[in-house]
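If you read the sequence shown in this note's numbering, its first letter stands for residue 44, the second for the next number, and so on. Okay, structure first, notes after.
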Amino acid sequence: STLRAPVAYGLTNLKRQFAKREMKQQPSVVDGIRVQNMEEDLQSVARRELGETPEVKQKSLAELRKLLEGEKGLVVPPDDVLVMFLRAKKYRMQDAFKTIRKYLRARRDVPEYFDNLTPSNIPYETFFHDHKLIMFARNSKGQAVGYLQFGAWNSSICSIDDLMRCALVATESNLREEETQIRGLIGVIDLKGFGAHHMMLITPRFARRVISIGQDSLPIRLKGIYYLHTPAVFRIVHALVKPFLSAKMLKRLQFLAGGISELRDVVPPELIPKEFGGTQEDFDFHKQEEFFLSKASYFETMLKCGYRRK
């Protein structure tokens with residue numbers, strides 16, 4: 044079967060489903076109409092789940108831009124960035140305003156993650172091609188699913204800062220897709236191999252920083268986070284970070300003793316190993332790299348936006 048590694052290439056099944064539905068109604072319908080109808084369905088999801096209409100979107104963008112223009116020393120990002128935060132917060136204006144300010148402050152205050160952060164400025168060959176540590180694909184519900192093999196990472200592969208930079212490029216590239224902004228994202232973190240060397244690096248400062256960015260700053264409609272192969276020692280880490288997690292986030296966390304095959308209903312076959320009926324071993328990291336690179340203009344734009352450093 045054709046591989047659909049990155050989210051951008053992961054719509055084949057959805058297109059087929061909508062094409063079949065349209066064929067029943069209009070036997071002579073052309074591909075362009077089918078794709079248009081799929082986009083209309085996405086619009087109906089946005090309307091139902093987010094309260095988004097063209098009027099609401101236009102009015103909210105103007106209001107959010109006005110709020111941000113009142114911020115001292117801030118170069119405001121373009122509308123296609125602002126809408127990511129509006130969608131993530133279901134058009135609750137103050138929540139969107141609060142989140143985008145936190146995100147832009149993080150970009151200013153955490154240079155080790157965000158300075159010169161572009162798809163060509165991460166160790167893609169080592170991190171992705173050689174060690175296969177992050178893969179993204181889209182599930183049958185159209186949600187983006189990110190799979191991080193954190194237990195397989197160690198500091199001889201790359202620094203923990205570079206790990207975070209790779210994770211940010213992967214996540215933000217996928218958040219640029221309207222499908223992900225509207226249908227949401229699921230995180231899967233595999234802890235197989237997690238040990239003392241990981242524990243030493245997860246300091247309270249690091250944990251707070253990751254939570255501040257992942258939970259409080261990024262424009263994610265998070266549908267769930269699943270931890271796999273969870274060792275008993277990881278409960279210590281969870282106890283350390285639990286005070287910083289929101290009630291909503293705590294509800295979204297699930298800790299599993301087994302592997303990714305337990306998540307067949309959530310995870311697309313591209314992320315499931317062959318022994319469990321998937322195609323993970325054939326994951327196309329070249330296509331994923333092309334997908335990230337196709338989002339380079341967004342990352343370049345964001346380097347010019349945000350709060351000025353003091």
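Every residue gets a Cβ at the ideal spot worked out from N, C-alpha and C, and that includes glycine.
Is the Cβ-Cβ distance between Y190 and I303 less than 8 Å? Taking the sequence shown and counting its residues from 1, one reaches residue 190 at position 147. Taking the sequence shown and counting its residues from 1, one reaches residue 303 at position 260. Going by C-beta atoms, Y190 is nearer than 8 Å to I303.
If contact is defined by three or more beta carbon pairs under 8 Å, each pair taking one atom from either stretch, is the segment 233-251 in contact with the segment 99-116? Using a C-beta cut-off of 8 Å, the segment 99-116 makes no contact with the segment 233-251, since fewer than three inter-stretch Cβ pairs fall below that distance.
Boundaries (first-last residue) of the beta strand (DSSP E) holding G230: Numbered from its first residue, the sequence shown carries residue 230 at position 187. Here the beta strand (DSSP E) through G230 covers 228-233.
Have a look at the DSSP bridge pairing and note the partners of V253. Within the sequence shown, numbered from 1, the residue matching residue 253 stands at position 210. Beta-bridge pairing links V253 to no other residue.
What did DSSP end up calling A339 once you bin it into helix, strand or coil? Position 296 of the sequence shown, counting from 1, holds the residue named residue 339. Looking at A339 - three-state DSSP - the assignment turns out to be helix.
To the nearest angstrom, how far is the alpha carbon of F277 from that of I177? Stepping through the sequence shown from its first residue, residue 277 is reached at position 234. Stepping through the sequence shown from its first residue, residue 177 is reached at position 134. Roughly 20 Å separates the two Cα atoms.
Which of the three DSSP states is assigned to L299 in this structure? Within the sequence shown, the letter at position 256 stands for residue 299. Looking at L299 - three-state DSSP - the assignment turns out to be coil, as it is neither helix nor strand.
How many Å lie between P354 and F342 at the Cα? Because the chain in this structure spans residues 44 to 353, residue 354 falls outside the shown range and cannot be described.
Any idea what DSSP makes of Y269, helix, strand or coil? For the purposes of this step, residue 269 is identified with residue 226 of the sequence shown, where counting begins at 1. In the structure shown, Y269 sits in a strand (DSSP, three-state: E or B).
Please classify I229 as buried or exposed, where buried requires at least 16 other C-beta atoms within 10 Å of its C-beta. In the sequence shown, counting from the first residue as 1, residue 229 sits at position 186. Per the 10 Å Cβ criterion, buried.
Where does G349 sit, in a helix, a strand or coil, going by DSSP? Counting from one through the sequence shown, the residue named residue 349 turns up at place 306. Correct three-state label for G349: strand.
On the criterion of 16 or more Cβ atoms from any shown chain inside 10 Å, does R352 qualify as buried, or is it exposed? Taking the sequence shown and counting its residues from 1, the one referred to as residue 352 is at position 309. Result: exposed.
Taking the DSSP output, what are the residues bridged to S178? The residue you call residue 178 lines up with position 135 of the sequence shown. Looking at the sequence provided, one finds Met at residue 178 rather than Ser. Answer is Y190.
When the Cα of A131 is compared with those of K184, E155, I165, L218, which residue comes out closest? The count along the sequence shown starts at 1 and reaches residue 131 at position 88. Looking at the Cα atoms, L218 is the closest of the given residues.
Which of the three DSSP states is assigned to L160 in this structure? In the sequence shown, counting from the first residue as 1, residue 160 sits at position 117. Note: L160 maps to coil in three-state DSSP.
Using 10 angstroms around the beta-carbon of S340, count the other beta-carbons present and answer buried if the total reaches 16, otherwise exposed. Taking the sequence shown and counting its residues from 1, the one referred to as residue 340 is at position 297. Under this definition S340 is an exposed residue.
Check whether the segment 139-157 and the segment 173-187 are in contact - that is, three or more C-beta pairs closer than 8 Å. no
Local conformation of V19 per DSSP, three classes: No information on residue 19 is available, as it lies outside the stretch 44 to 353 that the chain covers here.
Quick one: is R208 buried, meaning 16 or more other Cβ sit within 10 Å of its Cβ, or exposed? As a first step, residue 208 is located in the sequence shown; it is residue number 165 there, counting from the start. So R208 counts as buried.
Distance CB(T223)-CB(L261) smaller than 8 Å: Translated into the one-based positions of the sequence shown, residue 223 becomes position 180. Translated into the one-based positions of the sequence shown, residue 261 becomes position 218. Contact flag unset, no.
What did DSSP end up calling L117 once you bin it into helix, strand or coil? By 1-based counting over the sequence shown, the position of residue 117 is 74. Of the three classes helix, strand and coil, the one that applies to L117 here is strand, per DSSP.
Looking only at C-alpha atoms, which of I225, D205, F171 sits nearest to Y134? Along the sequence shown, one-based indexing puts residue 134 at 91. Checked all of I225, D205, F171; the closest Cα to Y134 is I225.
Pull up the distance between the alpha-carbon of M81 and that of P154, whole angstroms please. Indexing the sequence shown from 1 puts residue 81 at position 38. Indexing the sequence shown from 1 puts residue 154 at position 111. For M81, the pLDDT reaches just 46, beneath the cut-off of 50, and the residue's location in the model is therefore unreliable, although a value from the coordinates is still provided. The alpha-carbon atoms of M81 and P154 are separated by roughly 40 Å.
Near F335, which residues of its chain fall below 8 Å by C-beta distance, leaving aside the five closest residues on each side in sequence? The count along the sequence shown starts at 1 and reaches residue 335 at position 292. Once the five neighbours on either side are set aside, the close Cβ partners of F335 are P49, P162, Y167, V212, A213, S216.
Using the beta-carbon count (16 or more within 10 Å), is V231 buried or exposed? The residue you call residue 231 lines up with position 188 of the sequence shown. The residue is buried, with at least 16 neighbouring Cβ atoms inside 10 Å.
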